[in-house]
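K.L.:
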Amino acid sequence: MYSDIKSKNGDILSIAVDLQGPEKSRPYHEQAGAEFVTVVDEENSLARIFGYRAIPNGILVDEEGKLQFQQYGGFDIKKEETRGLVSAFMSDGQISKQSDTRFDGPASDHFERGLAHYHDGDIEQARSVWREGIALDPENWNMRKQLWAVENPDRFYAGKVDYDWQREQIEQGR
Numbered sequence: 234m235y236s237d238i239k240s241k242n243g244d245i246l247s248i249a250v251d252l253q254g255p256e257k258s259r260p261y262h263e264q265a266g267a268e269f270v271t272v273v274d275e276e277n278s279l280a281r282i283f284g285y286r287a288i289p290n291g292i293l294v295d296e297e298g299k300l301q302f303q304q305y306g307g308f309d310i311k312k313e314e315t316r317g318l319v320s321a322f323m324s325d326g327q328i329s330k331q332s333d334t335r336f337d338g339p340a341s342d343h344f345e346r347g348l349a350h351y352h353d354g355d356i357e358q359a360r361s362v363w364r365e366g367i368a369l370d371p372e373n374w375n376m377r378k379q380l381w382a383v384e385n386p387d388r389f390y391a392g393k394v395d396y397d398w399q400r401e402q403i404e405q406g407r
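Under the working numbering, read the sequence shown as residues 234 to 407, first letter to last.
1. Looking at the secondary structure, which residues open and close the alpha helix (DSSP H) in which Val250 lies?
2. How would you call Ile356, buried or exposed, if buried means at least 16 neighbouring beta carbons within 10 angstroms?
3. How long is the line joining the alpha carbons of Pro386 and Gly366, rounded to whole angstroms?
4. Which value, in whole angstroms, describes the spacing of the CA atoms of Glu314 and Phe302?
5. Determine, using beta carbons only, whether Met234 comes closer than 8 Å to chain C.
6. Look up Ile310 in the DSSP assignment and say whether it is helix, strand or coil.
7. With Asp370 as the anchor, note down where its alpha helix (DSSP H) starts and where it stops.
8. Is it right to say Ala340 is buried, meaning 16 or more other beta carbons lie within 10 angstroms of its own, or is it exposed?
9. Tell me whether Asn277 sits in a helix, a strand or coil according to DSSP, three-state version.
10. Is the beta carbon of Ala321 less than 8 Å from the beta carbon of Gly306?
11. Can you grab the Cα-Cα spacing for the pair Arg335 / Glu297, in whole Å?
12. Bridge partners for Leu348 per DSSP, in chain order?
13. Rounded to the nearest angstrom, how far is the Cβ of Pro289 from that of Asp309, given a contact under 8 Å?
14. According to DSSP, which residues form a beta bridge with Gln303?
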């Protein structure tokens, strides 16, 4: 898909959200053989700006720099519908589907407060603040997954991400 996008003078910028830095997300980019650039948002800056609480996200911007489509959470280029939407946009600049993304305002500041504690080396306080934030905003998957990754790095950074384990955590209300 990326070669098709490049052949039409388009590009992809991938943004990983990982407070532990690029050394944690880089192996996944490399294993995927991704040809596009991936940057790491260690500060959750884009979630604050765009108000999203989960990833992956997709944003389509036209040649004039105008935002034409946005979907926060669940944007999966492996899905036929998503590939079709991106292909059509690259071919004629048209969007065949309206985004069902709802902007609910700024994300909880608990992520940022926890991040400050994390960077200061106070991991326990960071975990406590993130748990408070998750209790207030249970749908904030960015915060939840960062907490899980800090507490259970083997489920995120030892080979493949353990999505079955994540589902179990959700089912158990964690």
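Ideal Cβ positions, reconstructed from N, Cα and C, are used throughout, including at glycine.
P.N.:
Per the coordinate set shown:
1. Within the sequence shown, residue 250 is the residue found at index 17, counting from 1. Val250 -> not in any alpha helix (DSSP H); beta strand (DSSP E) instead, spanning 246-250.
2. Residue numbering aside, residue 356 sits at position 123 when the sequence shown is read from its first letter. Looking at its Cβ environment, which holds fewer than 16 other Cβ atoms inside 10 Å, Ile356 is exposed.
3. Against the sequence shown, residue 386 aligns to sequence position 153. Against the sequence shown, residue 366 aligns to sequence position 133. So the alpha carbons of these two residues sit roughly 20 Å apart.
4. Reading the sequence shown from its first residue, position 81 is the one you call residue 314. Reading the sequence shown from its first residue, position 69 is the one you call residue 302. Whole-angstrom Cα-Cα distance: 14 Å.
5. Included in the structure is just one protein chain, with no chain C present.
6. Taking the sequence shown and counting its residues from 1, the one referred to as residue 310 is at position 77. Ile310: coil per DSSP, three-state reduction.
7. Counting from one through the sequence shown, the residue named residue 370 turns up at place 137. Here Asp370 belongs to no alpha helix (DSSP H), and DSSP marks it neither H nor E.
8. As a working mapping, residue 340 is identified with position 107 in the sequence shown. With a pLDDT of 46 at Ala340, under the threshold of 50, the predicted position of this residue should be treated as unreliable, and no value is reported.
9. If you number the sequence shown from 1, residue 277 lands on position 44. In this structure, Asn277 counts as coil in the three-state DSSP scheme.
10. Along the sequence shown, read from residue 1 onward, the residue named residue 321 stands at position 88. Along the sequence shown, read from residue 1 onward, the residue named residue 306 stands at position 73. Against a cut-off of 8 Å, the Cβ pair of Gly306 and Ala321 comes out as no contact.
11. On the sequence shown, position 102 is the one that residue 335 refers to. On the sequence shown, position 64 is the one that residue 297 refers to. Low local confidence applies: a pLDDT of 48 at Arg335 is under 50, so the model's placement there is unreliable, with the coordinate-based value given in what follows. The alpha-carbon atoms of Arg335 and Glu297 are separated by roughly 24 Å.
12. Here residue 348 refers to the residue found at position 115 of the sequence shown. BP columns for Leu348 are empty, so no partner.
13. On the sequence shown, position 56 is the one that residue 289 refers to. On the sequence shown, position 76 is the one that residue 309 refers to. Their Cβ separation, rounded to whole angstroms, is 7 Å, which keeps Pro289 and Asp309 in contact under 8 Å.
14. Start at 1 with the first residue of the sequence shown, and residue 303 comes out as number 70. Paired residues: Ile292.
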